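To start, the structure itself, in structure tokens.
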Amino acid sequence: REILGADYHDRIVDAESVSKEEFSRIVAKNDDLCRRLNLQYLWSVLLVNGRVVFTSATHSDLNNPDSSCASFFETHRDPEAFTPALQPELKPAFCSFKNEWGEGRQVLIPHKDARGRTYIFGASVQMDDLNAVVSQTILDSIGIGFGILCGALLLALMLVRSFPKPIAELTAAAGRMATGDLDVSLPLARISELQSLSRSLDEMRQGLKKQLAQLLESEKNYRELVENANSIILRLEPDGTITFFNDFAEKFFGFSKNEILGKAVFGTIVPETDSTNRDLRAMVLDIARNPEKYAKNETENMCKDGSRVWISWSNKAICDAAGTVCEILCVGNDVTERKRAVEALAKEREDLLAVFDALPEFVYLQAPDYSIRYANHSFKQLFGEPGDRFCYACMQNRQSPCETCPTFEVFQTKQPQCWEWAADNQVYMIHVVPFADIDGSMLVLAIGFDITDLKRAEEALIRSEAMLAQSQQIANIGSWDLDVAANRLIWSDETYRIFGLAPQEFVATYETFLDLVHPDDRAMVDEMYSRSLHEGLDSYEIEHRLVRRSTGEIRHVHEKCVHQRNAAGEVIRSRGMVQDITERKRAQEALIESEERFKNMFELHGSIMLLIDPESGFVVDANEAAVSYYGYSKSKLITMKIDEINVLSPQQVKAELELALHEERNYFIFQHRLASGEERTVEVHSWPIIFMDRQIRFSIIHDITERRLAP
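In terms of our numbering, the sequence shown is residues 4 to 714.
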């Protein structure tokens with residue numbers, strides 16, 4: 004609070020509230036405080052919109068200002084770590100942690116700012132540093148006590164010559180104290196000097212007793228901490244011999260202390276080589292020679308049952324007075340699942356990039372500094388190898404970033420963006436989305452779709468629609484406009500021609516229009532139009548016949564109109580079109596007549612004939628000759644698939660089709676099974692035809708069994 008100021012969090016609104024220079028000064032002060040207090044990290048965070056963001060931090064290496072450090076308002080990647088402090092009563096929380104930054108203890112102190120938001124101060128220490136401090140404290144305390152005791156004994160020996168008996172008694176008591184009996188009673192002396200010495204020894208005894216109790220309690224706590232820690236803790240001699248193995252290590256690896264202590268790590272918990280063939284024996288032996296190199300190390304280990312696990316180790320060399328490594332303290336945490344997750348993520352990323360590489364669209368990953376972290380094959384074909392070039396150099400041949408860059412909106416808003424981009428006479432649709440790199444840093448994924456053909460098609464469609472509009476104006480479609488109240492009918496020139504009249508030959512009225520309608524359709528047309536007026540319909544549509552006045556020819560027309568109403572809802576005007584559909588009508592009638600002739604021919608023909616759906620294989624229809632030949636009823640036959648009749652396998656059918664193609668013949672030789680079970684050799688002639696508005700196969704079947712059997 005002294006470093007940040009009492010109102011620091013009150014004035015934070017967003018990521019722009021604290022400048023980079025101010026944040027750097029805060030980090031420097033935090034680093035200095037961490038070094039003085041021997042802390043690992045010191046930080047503060049703020050809860051904003053469900054996120055936990057940094058408001059102060061320290062460098063990962065307190066002695067290196069260039070090491071990594073969280074930035075202001077950066078989202079914390081492990082918000083669950085702050086759960087112990089997020090209680091209603093806002094009490095400080097002391098807890099252990101084990102994550103990617105190591106394992107240790109931390110204190111979290113929550114507060115509320117002026118806006119009612121929760122912010123938290125936090126500090127942490129590493130477990131191995133804590134263990135080292137506790138161990139050194141115990142050793143220092145025992146050394147001090149032993150020194151004081153020796154001094155007292157020396158003083159007693161000096162006085163023994165002058166005060167034989169009292170001194171002898173005091174010496175005996177001091178000797179018992181030296182053996183660890185701190186409950187011994189010191190004798191009372193009559194001589195004032197000895198009384199003072201006795202009191203001093205007794206005070207020393209009481210102090211040592213209290214200090215020893217504290218040391219024993221500290222050692223007990225240390226032992227409980229080591230044994231109950233959710234981490235593997237072991238000690239090794241430089242040659243790899245195991246001298247300490249905590250309870251958690253026993254449970255994790257499956258070895259008891261009796262099985263493991265005094266044994267080498269090789270072949271017990273460390274394989275000779277890992278799955279990548281790295282020589283782990285050489286690595287372990289190298290720890291004693293280069294302990295700094297392996298302060299943090301991740302290796303593959305093995306359990307008693309042979310299963311492989313990955314451990315993140317923190318190793319600390321214990322040296323003697325000469326500086327020679329005599330022991331190695333190792334603290335490990337199981338990272339197997341994380342390792343597998345990282346490997347799976349890497350595999351997924353590899354697979355994803357392989358998919359990207361196969362896409363015809365160009366794909367690339369861009370970092371906030373404009374560098375291209377990945378480019379697929381299509382990108383390289385279009386723009387060349389990116390190498391160290393920035394995106395604007397690769398894609399735009401520029402020396403500096405573009406003035407406006409939609410890609411950077413994605414970095415700022417974390418929302419997808421899409422736009423069209425033209426280059427080298429090509430048009431691309433660019434889709435850009437946020438993309439998390441494997442280390443969690445933000446990139447953007449950009450995919451460019453070549454829409455040049457689509458754009459050209461759109462332009463062609465616009466031109467086509469314009470031509471269609473023009474064609475509709477000059478097509479054989481007439482228009483008319485009827486003023487209902489004035490009974491004034493206006494025809495276009497094409498309408499006159501459709502009715503067999505010269506354009507503007509006479510002034511048309513509704514009655515003259517009805518006179519030109521075929522007598523048999525006149526009443527129907529009048530009734531339909533009148534009903535549309537009186538029943539409040541918005542439109543009117545009908546097909547009818549007319550008699551051309553110039554030739555007497557009967558023509559078929561399609562008419563359609565819409566009504567315009569006044570405020571009272573009365574129809575005051577009708578506007579419509581009339582189209583000559585005579586040729587279409589004749590074609591429909593001819594088609595119906597043709598289909599009827601085909602159906603009669605099909606049903607009455609003596610040859611075996613089938614109509615087959617080429618997609619489903621179902622028999623659509625069968626003539627009487629087919630019913631008689633196959634022995635099935637017609638109702639049964641038209642529910643069967645041709646595969647139920649043709650006994651050849653799909654492979655044999657395919658072979659026959661290929662043979663027919665090779666021999667340039669339009670018939671096929673198959674084996675068909677009759678209802679009786681008899682198999683017959685048939686020659687099938689088959690063509691695609693349009694029947695009932697769909698394409699089917701028309702097949703004529705000839706039985707050639709006897710011909711095939713003939714010599």
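Backbone N, C-alpha and C define an ideal beta-carbon position, used for all residues, glycine too.
From a predicted model like this one, the values you see are computed outputs, not experimental measurements.
Specify, as a first and last residue, the run of the alpha helix (DSSP H) that residue i falls within.
i, result
"residue 409", "409-416"
"residue 27", "23-40"
"residue 394", "394-399"
"residue 608", "Run containing residue 608: none; DSSP gives neither H nor E here."
"residue 522", "522-537"
"residue 705", "Segment 697-706 is the beta strand (DSSP E) holding residue 705; no alpha helix (DSSP H) there."
"residue 505", "That residue, residue 505, is in no alpha helix (DSSP H); it is neither H nor E in DSSP."
"residue 426", "It is not in any alpha helix (DSSP H) - residue 426 instead sits in the beta strand (DSSP E) that spans 420-426."
"residue 584", "No alpha helix (DSSP H) holds residue 584; DSSP gives it neither H nor E."
"residue 384", "380-386"
"residue 290", "283-292"
"residue 354", "339-361"
Residue i: buried (16+ other C-beta within 10 angstroms of its C-beta) or exposed?
i, result
"residue 506", "exposed"
"residue 508", "exposed"
"residue 4", "exposed"
"residue 333", "buried"
"residue 329", "exposed"
"residue 591", "exposed"
"residue 497", "buried"
"residue 653", "exposed"
"residue 475", "Bear in mind that the predicted position of residue 475 carries a pLDDT of just 47, short of 50, making it too unreliable to give a figure here."
"residue 397", "buried"
"residue 293", "exposed"
How far does the beta strand (DSSP E) with residue i in it reach, from first residue to last?
i, result
"residue 432", "429-439"
"residue 317", "311-322"
"residue 302", "299-305"
"residue 453", "445-453"
"residue 635", "Unbroken run through residue 635: none, as it is neither H nor E."
"residue 501", "Counting along the chain, residue 501 falls outside any beta strand (DSSP E), though it belongs to the alpha helix (DSSP H) covering 496-501."
"residue 263", "No beta strand (DSSP E) holds residue 263; the alpha helix (DSSP H) holding it covers 260-263."
"residue 721", "Absent from the structure is residue 721, since the part of the chain shown begins at 4 and ends at 714."
"residue 563", "557-568"
Assuming residue i contacts residue j under a Cβ cut-off of 8 Å, what Cβ separation, rounded to an integer in Å, is found between them?
i, j, result
"residue 674", "residue 656", "With 8 Å as the limit, residue 674 and residue 656 do not qualify as a contact, their Cβ atoms being about 10 Å apart."
"residue 303", "residue 274", "7 Å"
"residue 410", "residue 369", "6 Å"
"residue 634", "residue 679", "6 Å"
"residue 264", "residue 290", "Not a contact, Cβ separation roughly 19 Å."
"residue 577", "residue 485", "4 Å"
"residue 18", "residue 76", "4 Å"
"residue 721", "residue 367", "No statement about residue 721 is possible, as the shown extent of the chain runs from 4 to 714 and does not include it."
"residue 41", "residue 6", "That pair is no contact at about 17 Å."
"residue 345", "residue 301", "Actually they are not in contact, since the Cβ atoms of residue 345 and residue 301 sit about 11 Å apart, beyond 8 Å."
In this structure, how does DSSP classify residue i when only helix, strand and coil are distinguished?
i, result
"residue 602", "helix"
"residue 3", "Examination of residue 3 is not possible in this model, given that the chain is present from 4 through 714 alone."
"residue 120", "coil"
"residue 82", "helix"
"residue 94", "coil"
"residue 2", "Since the first residue shown for the chain is 4 and the last is 714, residue 2 is missing from the structure and cannot be characterised."
"residue 374", "strand"
"residue 267", "strand"
"residue 546", "strand"
"residue 279", "coil"
"residue 481", "strand"
"residue 75", "coil"
"residue 689", "strand"
Would you mind stating whether residue i and residue j have Cβ atoms separated by less than 9 Å?
i, j, result
"residue 61", "residue 122", "no"
"residue 704", "residue 610", "yes"
"residue 684", "residue 648", "no"
"residue 582", "residue 672", "no"
"residue 568", "residue 558", "no"
"residue 421", "residue 435", "yes"
"residue 311", "residue 278", "yes"
"residue 535", "residue 503", "no"
"residue 545", "residue 563", "yes"
"residue 630", "residue 643", "no"
"residue 335", "residue 314", "yes"
"residue 88", "residue 13", "no"
Taking 8 Å as the cut-off, is the CB of residue i close to at least one heavy atom of the ligand ADP?
i, result
"residue 503", "Ligands are entirely absent from the displayed structure, and the ligand ADP is therefore not among its contents."
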